[in-house]
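Everything on this sheet refers to the single structure shown next.
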Amino acid sequence: MAAPQTVGACGGGRGEGVLAAEPVVRTAVTDDWQVSILGPAGNPVGGGVIVPPRYVLTCAHVVTSAMGGRLEDDPHATVTVTLSSGLKLTGSPGGGHRYTGGSHHEDVSVLTLHGDLGQAGGRFPTSHAHLSTGGYAAKRPMQVYGYPQGQPHGVWADCLMAGRGGPESALIQLNDAPDTGRRVARGYSGCGVRDAVTSRVAGLAVLRDKSPEAGVTWMIPLERLARDWPPLRAALALSGDRPPPPPAPGPPDPDDGPFDDEAMDDLYRLLLDGRLAMPGLVALRDDALGPVRRPWQGSPEDILGIVHDLRHIAQAGRPVPPLLTFVAALSRRVPGPRGQELARWVRGRAGHCTPAVDPGPLLERRVRPGGAGTRWTYATFRVTPASPSRHYLLDVFRQHEGAPREAVRQYTEAMRLGRLERLVVDEITRMRREKAIDSPDLFVEFVLPRELLARPVDGLPIATPSGAEVRLGVVHPVAVRSLERQNASEWVDWGHNWSRKWDRMKALSALSGEGVVAVVPARNQDGSSYEALFSALYADDGPLALVLGFPPRVSRRRAPDAEFDAALDAGVPALVWAHDEQDGPSVAADLPDRLRTAGARTLPGEVLRARRGEWSSRPGAARPRVGSGLRLGFLWDPFDRLPPHTPLTPPAPAPGGASS
654 MAAPQTVGAC GGGRGEGVLA AEPVVRTAVT DDWQVSILGP AGNPVGGGVI
704 VPPRYVLTCA HVVTSAMGGR LEDDPHATVT VTLSSGLKLT GSPGGGHRYT
754 GGSHHEDVSV LTLHGDLGQA GGRFPTSHAH LSTGGYAAKR PMQVYGYPQG
804 QPHGVWADCL MAGRGGPESA LIQLNDAPDT GRRVARGYSG CGVRDAVTSR
854 VAGLAVLRDK SPEAGVTWMI PLERLARDWP PLRAALALSG DRPPPPPAPG
904 PPDPDDGPFD DEAMDDLYRL LLDGRLAMPG LVALRDDALG PVRRPWQGSP
954 EDILGIVHDL RHIAQAGRPV PPLLTFVAAL SRRVPGPRGQ ELARWVRGRA
1004 GHCTPAVDPG PLLERRVRPG GAGTRWTYAT FRVTPASPSR HYLLDVFRQH
1054 EGAPREAVRQ YTEAMRLGRL ERLVVDEITR MRREKAIDSP DLFVEFVLPR
1104 ELLARPVDGL PIATPSGAEV RLGVVHPVAV RSLERQNASE WVDWGHNWSR
1154 KWDRMKALSA LSGEGVVAVV PARNQDGSSY EALFSALYAD DGPLALVLGF
1204 PPRVSRRRAP DAEFDAALDA GVPALVWAHD EQDGPSVAAD LPDRLRTAGA
1254 RTLPGEVLRA RRGEWSSRPG AARPRVGSGL RLGFLWDPFD RLPPHTPLTP
1304 PAPAPGGASS
């Protein structure tokens, strides 16, 4: 018999001399678990099988063809994956699996899908019912949906099970079904081999006898793949098929004592059971590792890869193993029974640590930023104009919710904005490092003069524990307040209107009433009267939150920005705007629905989530698509926390009477 070869990728697999294309007899719409993997030219080079929540099993040589280089040379390369719905996503090697090369049964790669899977229009599996350990009865009918040359949308090929055997004992032989149309050929590598009776996937097509008359293909069965990628054992258990037990473990590793194979299988089942779409996984990993860590090089959505990485990091001098800390943090974030199961897993493993760990403090649930029960710590930065022109003074205050305000620092030297903003970042970093402040509950507010209210202070760079820089506004709630509205005497007469609007906002469980959230999508360009806008904002039943689809102009004495100033004059407590004209349409379209699900306590949290690109937190709320997050200005003026003319007593000057 001729030597075997890989089934191959259309754009150039490992083998040569693959079977010539047969006439197409039958095509079909692929099942939702099937994907195609595109090569550099945009044509399919093979396929793969989805393992929820966002992983794809395929052959390593398919990924090699797709990326145009050796997988082991560039483990962080990405490829394009097309779902059955037609949606194209980026995939990268991950899931805790690393290709080692060698035997055909090791010719496997796990891809992590990036992006919004909800765009697949429901044609994306959320359960594992399509997976099976399968049976190996002779002549059992099987099907493979592949992507041979000339069939970019795919075509079915029929096979008959022959049994174990071939180049390696781990493989299963399939024979071409007689008197059928398409035969397995180049372009079927990595594609799922489906049992024609149960419609479940039993393995991946990996190898084809290169002799045209042979008609023989080999597949890697899923039960064998589960040895190389342990999360697949959990997926098979969730599918209803019980996979065979893993091989007997070797001598126990004292560093990994709490996380044996059985414990990890239980954890994988919890992480694979449905979608776990959650931002901030890398930050949770970094927090779990503490100050001594290496940067995460994988996909930020690759939860299995992060878990695999943490499993093999020793407890060493840490009081708690990093994996236990990470899963405990997940349990606090994940709602419902799954969060409770994750917490139960933490309790079960804590006693196996050396030394034993008390799980209570790890599992103490903390409210997410923006929740009604959040106890904020306010970091207040008051910026006051000084002489010479375009110079400012900075005062820093801190206030734990329900406690007196504390003066932290005063910078008495007038400075330009660039220097002032660097000092603000230093102060925030210092507060974040203080153990008394739980940094996710740090609320940053700026009391700014009118000419600075539109400045994007939420974009100040904050360093993450791993050394990366992110915008302040995606880490903490950030809001501005008007220095003039707070201090100037001309606002005394307007204060009553301001307080009434704030009290009305506090009385609403959500801002969903008629006219409570108003939108000004575009700036007035024709010079027409603003009286209608002023009247609407001043009205007793006027809006409590106003969304502007454009950035405010810097104040000019002879050319006021009426849309912005009217909101200040009328005492509107909440004002949100696009920092960039180009973002205006998205802000005007997406933000109002998000704000209408919020109340007085949760509105800053909704703005924070919009800046991050997260969904709304309210159950059943509309889910606007905001991509990677909106760049938003946010004026938030709680009347009762800092009423007009409440003195902000200057703090003690910084050493030397100036900024350091």
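Heads up: the sequence shown runs through residues 654 to 1313, numbered per the numbering used here. No residue lacks a Cβ here, since even glycine has one placed at the ideal position from N, Cα and C.
Nearest residue (CA-CA) to residue i, options the options
i	options	result
GLY1126	SER952, ALA694, ARG1264	ARG1264
ILE1081	LEU1106, ALA1056, ASP913, VAL1110	VAL1110
THR786	ILE690, ALA855, ASP832, LEU1295	ALA855
VAL837	THR1250, GLY699, THR1117	GLY699
SER822	GLY958, GLY744, TRP871, LEU1228	TRP871
PRO1012	ASP919, ARG991, ARG985, ALA1032	ARG985
GLN826	PRO794, VAL850, SER952	PRO794
ASN828	VAL1133, ALA694, ALA858, ALA936	ALA858
PHE1187	LYS1159, THR1250, ARG1206, GLU1216	GLU1216
SER1182	ALA1219, LEU742, ALA1160, VAL1172	ALA1219
ARG1157	PHE1292, ALA1107, LEU1047	PHE1292
PRO1226	LEU1164, ARG991, PRO1174	LEU1164
ARG877	ASP760, ALA791, VAL960	ASP760
GLU1054	ASP1094, TYR1064, LEU1076, SER1239	ASP1094
GLY845	THR711, THR1302, PRO1204	THR711
PRO1297	ASP1214, PRO705, ASP832, ASN1140	ASN1140
Residue i (DSSP reduced to helix, strand or coil)
i	result
SER745	strand
LEU1301	coil
SER762	strand
ARG1278	Low local confidence applies: a pLDDT of 48 at ARG1278 is under 50, so the model's placement there is unreliable, and no value is given.
GLY1126	helix
ALA1089	Only weak support is given to the placement of ALA1089: the predicted model assigns it a pLDDT of 41, under 50, and the question is left unresolved by the model.
TYR1183	coil
VAL682	Low per-residue confidence applies at VAL682: pLDDT is 39, beneath 50, and the placement is therefore not dependable, though the value from the model is reported in the following sentence. In the structure shown, VAL682 sits in coil (DSSP, three-state: anything other than H, G, I, E or B).
HIS714	helix
LEU1295	coil
THR1250	coil
ARG847	strand
Proximity test, Cβ basis, 8 Å: residue i and chain B
i	result
PRO1057	This model lacks chain B altogether, as it is built from one protein chain only.
Endpoints, beta strand (DSSP E) assigned at residue i
i	result
ARG1062	1059-1068
GLY799	794-799
ALA1227	1227-1231
ALA810	808-817
SER1135	1131-1135
PHE1096	1095-1101
LEU691	687-691
LEU1288	1285-1289
GLY893	No beta strand (DSSP E) holds GLY893; DSSP gives it neither H nor E.
ILE825	825-829
ARG861	854-862
LEU1113	Taken as a continuous stretch (DSSP letters only), LEU1113 belongs to no beta strand (DSSP E), as it is neither H nor E.
ARG1035	1030-1039
Beta-carbon spacing of residue i, residue j below 8 Å
i	j	result
VAL1200	PRO1130	no
SER892	HIS750	no
GLN796	ARG847	yes
ALA713	SER762	yes
VAL1173	GLY1195	no
MET937	ALA890	In the sequence on display, residue 937 carries Leu and not Met. No, the Cβ-Cβ distance between LEU937 and ALA890 is not below 8 Å.
ALA887	ARG922	yes
ASP1290	ARG1138	yes
TYR1045	MET1068	yes
PRO1257	ALA1132	yes
LEU1106	LEU1288	yes
ARG839	PRO911	no
LEU860	PRO820	yes
ARG1134	GLU1098	yes
VAL980	GLY843	no
Endpoints, alpha helix (DSSP H) assigned at residue i
i	result
THR978	975-986
TYR921	914-925
PHE1217	1215-1222
GLN993	989-1003
LEU934	934-942
PRO1014	1012-1016
LEU1256	1256-1265
ILE959	956-964
I'd like to know if the segment 735-747 and the segment 880-889 are in contact, where contact means that at least 3 CB-CB pairs between them fall below 8 Å.
no
Touch check for the segment 1031-1051 and the segment 1002-1020: three-plus C-beta pairs under 8 Å?
no
So, does the segment 994-1013 touch the segment 936-945, judging by three or more C-beta pairs under 8 Å?
no
Counting beta carbon pairs with one atom in the segment 686-706 and one in the segment 799-814, are three or more of them shorter than 8 Å?
yes
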